[in-house]
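For the sequence shown, our numbering begins at 20 and goes up steadily by one. Cβ atoms here follow ideal geometry from the backbone N, Cα and C, with glycine treated the same way. Since the structure comes first, as structure tokens, the remarks are kept for the end.
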Amino acid sequence: MVGNIQNFHGNKVEIVIEDNSKDFVEIQAQWATVRGRIRQKIGDAQFKSWIKVISLKDCVDRKVILSVPSAFVRTRIIEQYLDIIKSYWLVQNLKINDIEIVVAQDNKKSLKKNQSYHETLDSKNKERKQDDIFSSISSDLDTRFTFSNFIVGKPNELAFAAARRVSESDDVPFNPLFLYGGVGLGKTHLMHAIAHEIKNRNPLRRVIYMSAEKFMYYFIKALRFKNTVAFKEQFRNVDVLMIDDVQFISGKDSTQEEFFHTFNALIDQNKQLIISADKSPQDLEGIEERMRSRLGWGLVADIHPLTYELRLGILQAKEEKLSARISPNILEFLAHKITSNVRELEGALNRLAAFSSLVGREINLDMVQDLLKDLLKSSQRKVNIEEIQKKVSQHFNVKMSDMSSSRRSRTIARPRQIAMYLSKNLTSRSLPEIGRRFGNRDHTTVIHAVKKVEELRNKDNSFDEDVQLLIRMLES
Ligand code: ADP
Ligand code: MG
Numbered sequence: 020m021v022g023n024i025q026n027f028h029g030n031k032v033e034i035v036i037e038d039n040s041k042d043f044v045e046i047q048a049q050w051a052t053v054r055g056r057i058r059q060k061i062g063d064a065q066f067k068s069w070i071k072v073i074s075l076k077d078c079v080d081r082k083v084i085l086s087v088p089s090a091f092v093r094t095r096i097i098e099q100y101l102d103i104i105k106s107y108w109l110v111q112n113l114k115i116n117d118i119e120i121v122v123a124q125d126n127k128k129s130l131k132k133n134q135s136y137h138e139t140l141d142s143k144n145k146e147r148k149q150d151d152i153f154s155s156i157s158s159d160l161d162t163r164f165t166f167s168n169f170i171v172g173k174p175n176e177l178a179f180a181a182a183r184r185v186s187e188s189d190d191v192p193f194n195p196l197f198l199y200g201g202v203g204l205g206k207t208h209l210m211h212a213i214a215h216e217i218k219n220r221n222p223l224r225r226v227i228y229m230s231a232e233k234f235m236y237y238f239i240k241a242l243r244f245k246n247t248v249a250f251k252e253q254f255r256n257v258d259v260l261m262i263d264d265v266q267f268i269s270g271k272d273s274t275q276e277e278f279f280h281t282f283n284a285l286i287d288q289n290k291q292l293i294i295s296a297d298k299s300p301q302d303l304e305g306i307e308e309r310m311r312s313r314l315g316w317g318l319v320a321d322i323h324p325l326t327y328e329l330r331l332g333i334l335q336a337k338e339e340k341l342s343a344r345i346s347p348n349i350l351e352f353l354a355h356k357i358t359s360n361v362r363e364l365e366g367a368l369n370r371l372a373a374f375s376s377l378v379g380r381e382i383n384l385d386m387v388q389d390l391l392k393d394l395l396k397s398s399q400r401k402v403n404i405e406e407i408q409k410k411v412s413q414h415f416n417v418k419m420s421d422m423s424s425s426r427r428s429r430t431i432a433r434p435r436q437i438a439m440y441l442s443k444n445l446t447s448r449s450l451p452e453i454g455r456r457f458g459n460r461d462h463t464t465v466i467h468a469v470k471k472v473e474e475l476r477n478k479d480n481s482f483d484e485d486v487q488l489l490i491r492m493l494e495s
């Protein structure tokens, strides 16, 4: 079902269609079950009004696409039922990582929906056909991806501030704004938030948000129908152009060329550009040098891997919006264990909430271990005690052998305690085993070390930063 653009040489375009039909049968079965569960939960009346009208349209990669008859229904479903659909689906199939709701194409109302985003614009400029292109070319924005739903901490404060600044300025504060960071750290969320905010402030501003893949898809289509001029014109008439995940453009020479021209034209006209990628401009592979350097001209803001505090903050904020209660110690547990990205944190939380509401009681830690077995395993770093001892002794400039020696001076004992603490937190080794590896010490010594380090981390900022740095080095 999915159109994969593969070879791309000049005008020759090959689109490979994957056969997902078997998988789709399974997805259909899952959808039937999900609907059944929701019906039990919300009752027949609500079900008939809101859920029955949804039809399963497609499943692309790991995203399920559901279609509804009108924009009104879509909004309502997103606000009220999307989370529950997601969580029930997760119980069925852990691989699904997103659900998109679209308004049925064959329904006339779908046109209405597309227009509503640029409604004021359309009414002002009825004669201009171009606006239809704008509304259809820009991807839907997720209504939950707003600034107010974005939790800010050290790792993302620069990106957040830059995003706010761009959306609040009437002029162009820096161009382009280049946001980068690993998967699931909030780049798309911030871009949608910028679009929402700009739209709220001034509905007349023309904002296009799209993935780099979609950009390529349109470009290739334009090439096929030999109307690349019109293609360029569309983009040259926007106020703000956002291209998400620009790393996917790399390597495709003529798309890059086109992107570069469009990009330059927009910058010359003082239009705001916002680009996201998984790497910094310098580190993007397969991108021409002049393109790379131009991408770095404006403000480059990165989102760092999340800290424990930020992970916990995000979990707490998300928990408040759930119907089921998840206890604070479980949130802390998740923040400790799931370190890779926010998407996984959300996934874990939704799954727990879904389970809790299905069985009708509160979740405890044992259940969590069981329910999230796969997630906890995959995010378990393959760090071992020896590595920890090595890194810690390098960091504090002590001998590796002192990790197991009996010397007790503070300069040696403290690093040793930190290494024990990290062994407890980053590996699945038991306390007695950790003790053994540190010169046959008793498990109570390990407990003491863990407590001590925790205490110091809470008290002493620079100590805490040291430990965080070590964790980051060991995790990467
Ligand atoms: P990226 O585009 O960087 O891969 P996304 O923007 O898609 O990541 O974020 C993944 C999920 O995590 C989204 O559901 C998003 O709302 C959520 N998320 C990411 N960062 C934050 C944050 N700081 N506060 C709240 N939610 C966040
Ligand atoms: Mg993204």
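Asked	Found
Is it the case that the CB of Thr207 approaches a heavy atom of the ligand MG more closely than 7 Å?	yes
Can you give me the Cβ contacts of Arg147 inside the same chain, cut-off strictly under 7 Å, excluding the 5 residues immediately before and after it?	Its pLDDT being 43, under 50, Arg147 is placed unreliably by the model, and nothing is read from it.
How long is the line joining the alpha carbons of Val83 and Lys410, rounded to whole angstroms?	43 Å
Hey, would you say Ile407 sits closer than 8 Å to Leu445, going by beta carbons?	yes
Return yes when the C-beta of Asp264 is under 7 Å from any heavy atom of the ligand MG, and no when it is not.	yes
For Ser299, which of Phe282, Lys470, Gly317, Ala284 has the nearest alpha-carbon?	Gly317
With contact counted as at least three CB pairs below 8 Å, one residue from each stretch, are the segment 272 to 281 and the segment 303 to 319 in contact?	yes
Are Leu85 and Ser68 close, meaning C-beta to C-beta below 8 Å?	no
Around the C-beta of His355, are 16 or more other C-beta atoms found within 10 angstroms, so that it is buried, or is it exposed?	exposed
Please classify Val35 as buried or exposed, where buried requires at least 16 other C-beta atoms within 10 Å of its C-beta.	Note that Val35 scores a pLDDT of 31, beneath 50, so its modelled location is shaky and nothing firm can be said.
Could you give the residue range of the alpha helix (DSSP H) that holds Ile97?	90 to 99
With a Cβ-Cβ cutoff of 8 Å, do Ile322 and Pro195 count as a contact?	no
Please report the Cβ distance between Gly172 and Gly332, rounded to the nearest whole angstrom; I am assuming they are in contact, meaning their Cβ atoms lie under 8 Å.	6 Å
Using the Cβ count rule (16 or more neighbours within 10 Å means buried), how would you classify Ser342?	exposed
How about the segment 414 to 429 and the segment 374 to 391: do they share at least three Cβ pairs that are nearer than 8 Å?	no
Does the Cβ-Cβ distance between Ile170 and Tyr107 come in under 8 Å?	no
Which residue's Cα is closest to the Cα of Ile235: Arg224, Pro174, Thr247, Arg225?	Contrary to the premise, residue 235 reads as Met rather than Ile in this sequence. With distances taken between Cα atoms, Met235 lies closest to Thr247.
One question on the structure: do Arg224 and Val185 come within less than 8 Å of each other, judged by their Cβ atoms?	no
In whole angstroms, what separates the C-alpha of Gln99 from that of Ser442?	43 Å
Based on Cα-Cα distance, which residue from Arg448, His467, Leu391 lies nearest to Val402?	Arg448
Should Gln388 go down as buried or exposed, given a rule of 16 or more other Cβ atoms within 10 Å for buried?	exposed
Taking only the alpha-carbon atoms, compute the straight-line gap between Asp483 and Asn459 and give it to the nearest angstrom.	27 Å
Measuring only from the beta carbon, is Asn498 closer than 7 Å to any heavy atom that is part of the ligand ADP?	The question about residue 498 has no answer here: the residues shown for the chain are numbered 20 through 495.
Taking only three categories from DSSP, how would you classify Ile382?	coil
Could you tell me whether the Cβ atoms of Val226 and Asn289 are closer together than 8 Å?	no
Report the three-state DSSP secondary structure of Val319 (helix, strand or coil).	strand
Touch check for the segment 450 to 467 and the segment 475 to 495: three-plus C-beta pairs under 8 Å?	no
Measuring only the C-alpha atoms, how far is Leu488 from Lys418?	20 Å
Output yes or no for whether 8 Å exceeds the beta carbon distance between Phe415 and Leu384.	no
Beta carbon of Asn168: closer than 7 Å to some heavy atom of the ligand ADP?	yes
Taking 7 Å as the line, does the beta carbon of Leu303 fall inside it for any heavy atom of the ligand ADP?	no
Where are the beta strand (DSSP E) runs, 3 residues long or more, that stay fully inside the segment 399 to 479, in chain order?	none
When you compare each of Arg433, Ser481, His208 to Lys470 by their alpha carbons, which one comes out closest?	Arg433
Identify, in the order they occur along the chain, each residue of the same chain with its Cβ nearer than 7 Å to the Cβ of Ala468, setting aside the five sequence neighbours on each side.	Gln436, Met439, Tyr440
Taking Cβ to Cβ, would you say Ala372 is nearer than 8 Å to Ile357?	no
Tell me which residue opens and which closes the beta strand (DSSP E) that Gly200 is part of.	196 to 200
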